[in-house]
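Engineer: Quick one: this structure, given as structure tokens, is what I'll be asking you about.
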Amino acid sequence: MKQQKTLHIIIADDHQIVIDGLKSLLISNPHIKVVGEAGNGKEAIELIKKNKVDIAVLDISMPEINGVEAAKIIKKEHPEIKILILTMHDGSEFIHELIEIGANGYILKNRGMEEFVEALETIARGEEYIKGQVLNTLLEAVRKPKSKTVQFTKREKDVLRLIVDDHTTSEISAKLNIANSTVETHRRNLIEKTGVKSSLGLVRYAMENGHV
């Protein structure tokens, strides 16, 4: 059996009890290694300079440098590092800003451990993670269609619809009977045409412009 790749993560939260709780829960997932912990965004940025990090788990409300500003700096200086937002905030203003920054996933603190691990593994594969109440908040905030018009091919529309429906690359490949690489090509074309940075941005674009 193929060995799972070890994911090196840092956790930044100004509540030590949250960090300790996540670390204890991750004991049953040995392929996920916490290489550092921080109490604010500044410490998180310093940790990334000193450690091999695949994913930075950031809370939004932290002292000195908050999670949003930390995410901006991390994405600018280390674009290869994935960012998972772990927070109590489900307000659309936070979601929109983090999508624009290029955050790879967004999960509420009241979700279970299984979903936390799923989110980490999903974004480690190069996909985005947004579900549940966070997705509902995003959809409710973008009901009104905007005027920007972009022309898509029929296949691009099919791929966009399935992305909005929360399907993975492999699932889209199977449903449309095309190769995974072809799905990724369509995804890149959609991102380039719409001017967004990620699949989360595509979901927002689709809802804002009446494509679903």
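The sequence shown: position 66 = 968 (my numbering), numbered continuously.
Just so it is clear, CB atoms sit at the ideal spot from N, CA and C, and this is done for glycine as well.
1. Any idea what DSSP makes of A1005, helix, strand or coil?
2. Excluding the five sequence neighbours on either side, which residues of its own chain have a C-beta within less than 8 Å of the C-beta of T953, listed in chain order?
3. Checking 7 Å against the spacing of the C-beta atoms, do I1074 and V1066 come in under that value?
4. If you check the beta carbons only, do I1009 and L988 fall under 7 Å apart?
5. Once DSSP output is grouped into helix, strand and coil, what is the label at A1108?
6. By the three-class DSSP mapping on this structure, what secondary structure does G1028 have?
7. Does DSSP put H1069 in a helix, in a strand, or in coil?
8. Find out if the Cβ-Cβ distance for the pair G1007, Y1031 is shorter than 7 Å.
9. Going by DSSP, what residues sit across from I987 in a beta bridge?
10. Assign V1052 to buried or exposed, taking buried as 16 or more other Cβ atoms, counted over all protein chains shown, within 10 Å of its Cβ.
Structural biologist: Considering the structure as presented:
1. Locating residue 1005 in the sequence shown gives position 103, counting from the first residue. It is coil, neither helix nor strand.
2. Walking along the sequence shown from the start, residue 953 turns up at place 51. Checking the sequence shown, residue 953 turns out to be Asn, not Thr. H910, I912, V937, G938.
3. For the purposes of this step, residue 1074 is identified with residue 172 of the sequence shown, where counting begins at 1. For the purposes of this step, residue 1066 is identified with residue 164 of the sequence shown, where counting begins at 1. Against a cut-off of 7 Å, the Cβ pair of V1066 and I1074 comes out as no contact.
4. Numbered from its first residue, the sequence shown carries residue 1009 at position 107. Numbered from its first residue, the sequence shown carries residue 988 at position 86. Yes; because the gap between Cβ atoms is below 7 Å, this pair is in contact.
5. Start at 1 with the first residue of the sequence shown, and residue 1108 comes out as number 206. Residue state, collapsed to three classes: helix.
6. The count along the sequence shown starts at 1 and reaches residue 1028 at position 126. Residue state, collapsed to three classes: coil.
7. Working through the sequence shown from its first residue, we reach residue 1069 at position 167. Coil.
8. In the sequence shown, counting from the first residue as 1, residue 1007 sits at position 105. In the sequence shown, counting from the first residue as 1, residue 1031 sits at position 129. In contact: G1007 and Y1031 (Cβ atoms closer than 7 Å).
9. As a first step, residue 987 is located in the sequence shown; it is residue number 85 there, counting from the start. DSSP, once it has assigned bridges, lists L960, Y1008 as partnering I987.
10. Numbered from 1 along the sequence shown, position 150 holds the residue referred to as residue 1052. So V1052 counts as exposed.
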